[in-house]
Amino acid sequence: MNGADALCDTLLANDVKVCFANPGTSEMHFVAALDRKPEMRCVLGLFEGVVTGAADGYARMTGRPAATLLHTGPGLANGLANIHNARRARVPMINVVGDHASYHLPFDAPLTTDIDRLAAPMSNWVYRISGPADVAPATEAAYRASLVPPGIATLILPADAAWGDAEAAPRNKVVLPALSAVPTDRVRGVADAIRSAPGRVGILVGGTAAQPDGLEIAGQIAAARNVRLFGEVGVARMARGAGRVAPVRIPYPIDAAIETLSDIDVLILVGATEPVAFFAYPGKPGRLVHNDCRVMALAKHGEDLEGALEALRDELGVKRTQSPLRSSAMPDEPVPTGELTDDAIAVMVARKLPENAIVCDEAITSARRFFALSAYAAPHDFLMTTGGAIGIGIPLTTGAAIACPDRKVFNLQADGSAMYTLQGLWTQARENLDVVTIIFSNRTYAVLHMEMQKVGVGKIGENARRMLDLDQPSLDWVSIAKGMGVEAARVDTCEQFDDVLDSVLKRRGPFLIEAVV
13 MNGADALCDT LLANDVKVCF ANPGTSEMHF VAALDRKPEM RCVLGLFEGV
63 VTGAADGYAR MTGRPAATLL HTGPGLANGL ANIHNARRAR VPMINVVGDH
113 ASYHLPFDAP LTTDIDRLAA PMSNWVYRIS GPADVAPATE AAYRASLVPP
163 GIATLILPAD AAWGDAEAAP RNKVVLPALS AVPTDRVRGV ADAIRSAPGR
213 VGILVGGTAA QPDGLEIAGQ IAAARNVRLF GEVGVARMAR GAGRVAPVRI
263 PYPIDAAIET LSDIDVLILV GATEPVAFFA YPGKPGRLVH NDCRVMALAK
313 HGEDLEGALE ALRDELGVKR TQSPLRSSAM PDEPVPTGEL TDDAIAVMVA
363 RKLPENAIVC DEAITSARRF FALSAYAAPH DFLMTTGGAI GIGIPLTTGA
413 AIACPDRKVF NLQADGSAMY TLQGLWTQAR ENLDVVTIIF SNRTYAVLHM
463 EMQKVGVGKI GENARRMLDL DQPSLDWVSI AKGMGVEAAR VDTCEQFDDV
513 LDSVLKRRGP FLIEAVV
């Protein structure tokens, strides 16, 4: 047995059974070890951003880490943007980054890089394995670090540690500590703050507090105490759909976000962080709540969020039989017809979304009304980018589909950000994943046009336009998808979109709709 075998065995002993990979020469012994372990599912990504984004989607839907396999510093660097998104989503992930044999590093070979320092900004835990005997305990530590609290663990595997002899011993499952209970005095302080500002209190939920059980308790508190419920600007995962408690997502545009929170005097955080503007804008504040708003954390990431909400409910004297405010049936509005628009797509998808679907939204400026409409759709899970690094949509849905093979997955995808990780379509075809990708083909970085206006630029000239628009030539998404092995169709009317959507709902496997808007 060598170190690479020990790494695989330790991962498998802890139910880490999926490895998203883009390996290179220094990882060949790990690849060989994976080949000896048929119980490990190995998924190839043609770009490291696909690998790390897919691991993010897998973790969001399972609550468990997948492993990634990345080739030295440059391979890690290619995957960093989506590791950043995963860290902001507060999900578990174990990155295995191969490196040169330890004795080869002093030669400064072409791929030699400071992997430790590259990994640090995007990781919650980084460790370099010292030798074959260190592999198993280091892997156990990485697993523990990925889950207590959930976050990014990066394990650096020198080639000689992988190929060196390791002890052939049974690998034990790591015993994780129970979630930390929230102190009673913190619960009482939050309850007192809610009582002191009736009608002007908000609860901002994230993590498991945005799942059905947590939302149910938060909804009971909101109904009994006239409290407003909010979701984060970037939702990692939220249960949505008719019959469920439906928080209002804080908008991305700064003026809309400030207006949404303008009458909140007390903001309670449950598994979330204080909302702030994505960027600094001339003459606008960085905080989204007003200066006198009291921001309090009931429960932080890594603590027992559901237990904290239960304790708050009891402290406030809210009965467990209290009925929360739930969303109802889809509002009655005309069926969209004629020229296709992003809003029409949002309406049609929300109306026809199958029960228990998963929706990833990286439409950026398009289909903005979908989140509000999703409150009335069939029950589903909603995911989106959390760290602002674009190129997450295709990989995220790839990982979610591998995590939940019995669920239909939809990707509302902007065309510009799709180009960052379009290789993920190939992975969807190879794995035959049930993913419907809807490309909002407006042939521009529309969000950047909006940002130019927000920083005070009144007129966009030719140089700026050429940096913001995706024309000359226009992207041909049907050809791109088919070249990756994914069936595709182009539509430009509501009637065409509706027909294609009906068709893909009746079949399995990956499909891309280029929606010209």
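For the sequence shown, the positions run 13 to 529 when this note's numbering is used. The beta carbon of each residue, even a glycine, is placed where N, CA and C say it ideally should be. These numbers come from a predicted model, not from an experiment.
**Request:** Inspect the beta-carbon positions of Gly57 and Gln435 and report whether they are closer than 8 Å.
**Result:** Cβ distance < 8 Å, so Gly57 and Gln435 count as in contact.
**Request:** Specify the secondary structure class of Thr505 as computed by DSSP and reduced to three states.
**Result:** Looking at Thr505 - three-state DSSP - the assignment turns out to be strand.
**Asked** Nearest to Val347 by CA position, among Ala362, Ser340, Pro336, is which residue?
**Response** Here the closest residue by C-alpha is Ala362.
**Message:** Just to confirm, is the Cβ distance from Ala66 to Thr410 under 8 Å?
**Reply:** Their beta carbons are under 8 Å apart, which means Ala66 touches Thr410 by this criterion.
**Residue burial classification, Arg249 (beta-carbon count within 10 angstroms, cutoff 16)** = Label assigned to Arg249: buried.
**Message:** Can you tell me whether Arg76 is buried or exposed? The criterion is at least 16 other CB atoms within 10 Å of its CB, across all chains shown.
**Reply:** Its Cβ being crowded by 16 or more others within 10 Å, Arg76 is buried.
**Request:** Identify the continuous alpha helix (DSSP H) that holds Val490 and give its terminal residues.
**Result:** 489 to 495 is the span of the alpha helix (DSSP H), which, as asked, contains Val490.
**Asked** For Gly85, which option in Asn107, Ala98, Val103 has the closest C-alpha, if you only look at C-alpha atoms?
**Response** If we check each option's Cα against that of Gly85, Asn107 comes out closest.
**Message:** By DSSP's criteria, Arg306 is part of a beta bridge. Which residues make up the other side?
**Reply:** For Arg306, the pairing in a beta bridge is given by DSSP as Val278.
**Request:** State the DSSP-derived secondary structure class of Ala79, mapped to helix, strand or coil.
**Result:** Of the three classes helix, strand and coil, the one that applies to Ala79 here is strand, per DSSP.
**Asked** Mind checking whether Val30 and Arg53 have CB atoms under 8 Å apart?
**Response** Yes.
**Local Cβ density within 10 Å of Asn303, reported as buried at 16 or more and exposed below that** = Looking at its Cβ environment, which holds fewer than 16 other Cβ atoms inside 10 Å, Asn303 is exposed.
**Asked** Looking only at DSSP bridge pairs, what is Arg261 linked to?
**Response** The bridge partners DSSP lists for Arg261 are Gly243.
**Prompt:** In the structure shown, what three-state DSSP assignment does Ser378 receive?
**Reply:** When secondary structure is reduced to three states using DSSP, Ser378 falls in the coil class, being assigned neither helix nor strand.
**Item:** Anticipated Cβ contact below 8 Å, Phe59 with Thr433, distance rounded
**Value:** Between Phe59 and Thr433 a beta carbon distance of about 6 Å is seen, short of the 8 Å cut, so the two are scored as contacting.
**Prompt:** Beta-carbon separation of Ala131 and Val109 under 8 Å?
**Reply:** Going by beta carbons, Ala131 and Val109 fall inside the 8 Å limit.
**Request:** With a cut-off of 8 Å on the beta carbons, I'd call Thr353 and Val529 a contact; round off their distance for me.
**Result:** About 6 Å; that satisfies the 8 Å criterion.
**Item:** Exposure label - Val278; buried when at least 16 CB within 10 Å
**Value:** Counting other Cβ atoms within 10 Å of its Cβ, Val278 reaches 16 or more and is therefore classed as buried.
**Request:** Measure the CB-CB distance between Tyr531 and Val187 and report whether it falls below 8 Å.
**Result:** Outside the modelled stretch of the chain, which goes from 13 to 529, sits residue 531, for which no answer is possible.
**Message:** Cutting at 7 Å between CB atoms, please list the residues of its own chain near Glu507, excluding the five before and the five after it.
**Reply:** Thr349, listed in sequence order.
**Item:** Own chain partners of Ala203 with C-beta closer than 7 Å, once the 5 adjacent residues on each side are dropped
**Value:** Cβ neighbours of Ala203 beyond the five flanking positions: Leu324, Glu327, Leu328.
**Message:** Just list the residues that DSSP pairs Phe32 with in beta bridges.
**Reply:** Assignment of beta-bridge partners to Phe32 by DSSP yields Val55, Thr80.
**Prompt:** Considering Ile229, what are the terminal residues of the beta strand (DSSP E) in which it resides?
**Reply:** No beta strand (DSSP E) contains Ile229, which is instead part of the alpha helix (DSSP H) from 224 to 237.
**Message:** Assess contact between the stretch 31 to 44 and the stretch 94 to 102, defined as three or more Cβ pairs (one per stretch) separated by less than 8 Å. Is contact present?
**Reply:** With a cut-off of 8 Å, the stretch 94 to 102 and the stretch 31 to 44 do not count as touching, because too few Cβ pairs lie within range.
**Item:** Assigned exposure category for Met479 - 16 Cβ within 10 Å defines buried
**Value:** Flag for Met479 reads exposed.
**Item:** Close Cβ partners of Ala375 (< 6 Å) along its chain, the five nearest in sequence each way excluded
**Value:** For Ala375, the CB contacts under 6 Å within the same chain, skipping 5 residues up- and downstream, are Leu424, Ala426, Phe452 in chain order.
**Prompt:** Leu517: buried (16+ other C-beta within 10 angstroms of its C-beta) or exposed?
**Reply:** Taking a 10 Å sphere around the C-beta of Leu517, we find fewer than 16 other C-beta atoms and assign the residue as exposed.
**Request:** Compute the distance between the beta-carbons of Tyr139 and Ala153, then report whether it is under 8 Å.
**Result:** Contact flag set, yes.
**Request:** Name the residue from Ser142, Ala389, Val490 whose alpha carbon lies nearest to the alpha carbon of Leu437.
**Result:** Here the closest residue by C-alpha is Val490.
**Asked** For the beta strand (DSSP E) that contains Gly423, what are its first and last residues?
**Response** A small fix is needed here, since residue 423 is Asn in this sequence, not Gly. 421 to 426 is the extent of the beta strand (DSSP E) around Asn423.
**Asked** Going along the chain, which residues of its own chain have a beta-carbon closer than 6 Å to the beta-carbon of Ala157, five neighbours each way excluded?
**Response** Here Ala157 has Trp137, Ala165 as same chain residues with Cβ atoms under 6 Å from its own Cβ, once five neighbours each way along the sequence are excluded.
**Item:** Neighbourhood of Ala389 by C-beta distance below 6 Å, restricted to the same chain and skipping five residues each side
**Value:** Within the same chain, Ala389 has close Cβ partners Gly253, Ala362, Leu365.
**Request:** Assign Gly201 to one of three DSSP states: helix, strand, or coil.
**Result:** Helix.
**Message:** I'd like to check one pair, Val260 with Glu286: are the Cβ atoms closer than 8 Å?
**Reply:** Between Glu286 and Val260, the C-beta gap is not smaller than 8 Å, which leaves the two residues out of contact.
**Prompt:** Should the stretch 172 to 192 be called in touch with the stretch 208 to 218, which here means at least 3 C-beta pairs below 8 Å?
**Reply:** Touching, no, given that fewer than three Cβ pairs across the two stretches are closer than 8 Å.
**Simplified DSSP assignment, three categories, for Met13** = Three-state result, Met13: coil.
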